[in-house]
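Residues are numbered in the working numbering as their position in the sequence shown, beginning at 1, plus a constant of 1062. Even glycine gets a Cβ: it sits at the ideal position worked out from N, Cα and C.
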Amino acid sequence: MLPILLILTGILLSLFPSQAHRPEDAKHLGGELTLPNLPSEHLIRYLNTFPKLKQQLPSNLTGKATISSACWGHERDCTSDGRFQTPQCPGDHTGWARSKEAQVKTFYQQADFGYIQEQLSELAPQCVPTYLGDSSLECTHYLRFCRGRHLLFDFRDLAQREERIRYHMDVLKPGQLLAHCELNRTRLTGEMDHIGSALQSWGPELRNLDVLPHQILESGLCDLVVNTPTFIMKIDATYNMYHHFCDFFNLYASLFVNQSHPAAFNTDVQILIWETYPYDSPFKDTFKAFSQRPVWTLSDVEGKRVCFKNVVLPLLPRMIFGLFYNTPIIQGCSNSGLFRAFSEFILHRLQIPYQPPQRKVRITYLSRRTKYRQVLNEEELLGRLEDNEDYSVQRVSYERLSFTDQLSITRNTDILIGMHGAGLTHLLFLPNWACIFELYNCEDPNCYKDLARLRGVRYRTWEQRDLVHPQDEGHHPEGGAHAKFTNYSFDVDEFVHLVAEAAKEVRSHNEFPQEKPQNPSITPQHNEL
């Protein structure tokens, strides 16, 4: 048991950086009072979300105005001064918005905690309980997020299926999802517009909902009762970092939409992946930030009627006008607080070590070991960077490292350089002052540029087309020329110039140290992993 002053004096008064806050999953403060394992700025807002919990703490720890007014941004009474972060919109706002204020508001609603606020405002009951022990179900528009109680899923048919299930829209049949409540079928049917694919809506599953005349847990139909709160996830491509982090990010956003109880950020939850393939991914450790339990798939429950006491159907990775993937972003804006919060949450929960920036700009170069998009003159490019005594350069091949080791490098990188590819998704976990240098975007200009805008880090890419030299025109496996299916060499002087410009941006950030070196002749560092 940790003394309350030891925990909260630093968190709530000194506001020490989140990277120094490395406790176990929850803080036990005496009796039944526990706090979730969150970075300090997050914990303050968590306490303000649950005033009754906050009242159990000494008032001298929580009474300061800067603490009492802190909020995420989705709360109705949250002011712009108190919210987690305000977007930066220095760019032009014509076309999308009529004023600078409207531009900021649009970005906030599209890609920040304003999106969470919108989901909360849309929550509507689909199946209403009458008595304690009845079922319930409520969802946002188009059934993008739902949560329910006392629901029965009938998975008995899955054991007889010959094909494995992934991205299927027929996992359930009519009557294989049961509840005991007053079902508003007209309202539920009216939300079925976004069922063009499995990853856009929970409509393919919820259209099979039917009413049971008896309370679920008293019906005698449950082969398995799951008491642990459960998140059922329909996930994207597990071996592609960009697409799998669509899953993780939307799961994180769903914690806020579901934040109706102080246990919202607890890890004693069950994850159930909506497919029968065994779950495996180079990024599977990320689930440890959300759950302390082994991940289930449908193979773990097939052949059974499973009754869930509490179940969440979270936001999905490929929603129309969704988050991360398919996010429409107004021009001229960047720095989503929701994306920054996600980054801090993952790094904190996975206990990724942090080292503050030094005089030397820390450059990490992602070296590809794939057939395409290799840099043919990589040695020459890196050799020129090594000659600069103001740089500390390392070349890494992330596929050779564990994911947590990858994050340890990314978190302590000032400039991340790499060719277009899913590995650039690591930009989510760069420091706030960092720059992502997409060496060449392979004619896909917006993917990582937009992701960098959302996260709030600086972005650069190659602009001089006459100074990049493809090995050939590129040959797509399905035929035709394609820029992603060849290798490249780059003009060395232009490369050095672009890195220097990125280094200037990094050094100009107010969190980067500005002191001059005491020994200007330090030998440049170069490591290979």
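If the five residues before and after residue 1564 are omitted, its C-beta is found closer than 6 Å to the C-beta atoms of 1477, 1497, 1499 and 1522, all from its own chain and listed in chain order. With 16 or more other CB atoms across the displayed protein chains lying within 10 angstroms of its CB, residue 1101 is buried. Residue 1549 places its beta carbon less than 7 Å from that of residue 1436. Within the same chain, Cβ atoms closer than 6 Å to the Cβ of residue 1398 are found at 1173, 1174 and 1516, the five residues on either side in sequence being excluded. For residue 1210, the three-state secondary structure derived from DSSP is strand. Listed in chain order, the non-local C-beta contacts of residue 1253 below 6 Å within the same chain comprise 1204 and 1205, local neighbours out to five positions each way being set aside. In terms of CA proximity to residue 1212, 1242 leads the group 1561, 1340, 1242 and 1336. Of all alpha-carbon atoms in 1290, 1365 and 1408, the one lying nearest the alpha-carbon of residue 1233 is that of 1365. Beta-bridge partners of residue 1152 (DSSP): none assigned. Non-local beta-carbon contacts of residue 1334 in its own chain, meaning distances under 6 Å to residues more than five positions away in sequence, involve 1292, 1294 and 1358 in chain order. The Cβ neighbour count for residue 1387, taken over all protein chains shown within 10 Å, is at least 16; the residue is labelled buried. Judged by DSSP secondary structure, residue 1551 falls within the beta strand (DSSP E) whose first and last residues are 1550–1552. Following the DSSP letters along the chain, one finds residue 1198 inside the beta strand (DSSP E) bounded by residues 1198–1201. CA-to-CA, the gap between residue 1356 and residue 1339 works out to about 15 Å.
In this structure the segment 1411–1431 does not touch the segment 1183–1193; the number of beta carbon pairs closer than 8 Å is below three. Spatial neighbours of residue 1316 in its own chain (CB-CB distance under 7 Å, excluding positions within 5 residues in sequence) are listed in chain order as 1207, 1374, 1376 and 1377. Within a 10 Å sphere around the beta-carbon of residue 1485 sit 16 or more other beta-carbons, which makes this residue buried. Under the 10 Å beta carbon count, residue 1402 is surrounded by 16 or more other beta carbons and is classified as buried. The distance from the Cβ of residue 1301 to that of residue 1343 is about 6 Å, consistent with a contact at the 8 Å cut-off.
Remark: C-beta atoms of residue 1107 and residue 1133 approach each other more closely than 7 Å.
The beta carbon of residue 1551 sits closer than 6 Å to those of 1438, 1439 and 1531, all from its chain and outside the five residues before and after it, given in chain order. The closest CA to that of residue 1214, considering only 1538, 1221 and 1199, is found on 1199. According to the DSSP assignment, residue 1523 belongs to the beta strand (DSSP E) that extends over 1520–1523.
Per DSSP, reduced to three states, the secondary structure at residue 1372 is strand.
Distance check between residue 1307 and each of 1520, 1260 and 1351 places 1351 closest, using alpha-carbon atoms only. In the three-state DSSP reduction, residue 1443 falls in the helix class (H, G or I). Counting along the chain, the unbroken alpha helix (DSSP H) around residue 1102 starts and ends at 1102–1111.
If you check the CB distance, residue 1487 and residue 1341 do not come in under 7 Å.
In this structure, residue 1424 lies near residue 1454, with their beta-carbon atoms less than 7 Å apart. Taking a C-beta distance under 7 Å as the contact criterion, residue 1270 and residue 1321 do not qualify as a contact pair.
In the DSSP secondary-structure assignment, residue 1334 is bridged to 1294 and 1358. According to DSSP, residue pairing for residue 1396 in a beta bridge involves 1150. DSSP places residue 1428 within a strand segment (E or B) once states are collapsed to three.
Taking 8 Å as the upper bound for CB-CB distance, residue 1543 and residue 1537 are in contact here, some 7 Å apart. Separation of residue 1119 and residue 1570 (C-alpha to C-alpha, rounded to the nearest whole angstrom) is 40 Å. The beta carbons of residue 1526 and residue 1556 sit closer together than 7 Å.
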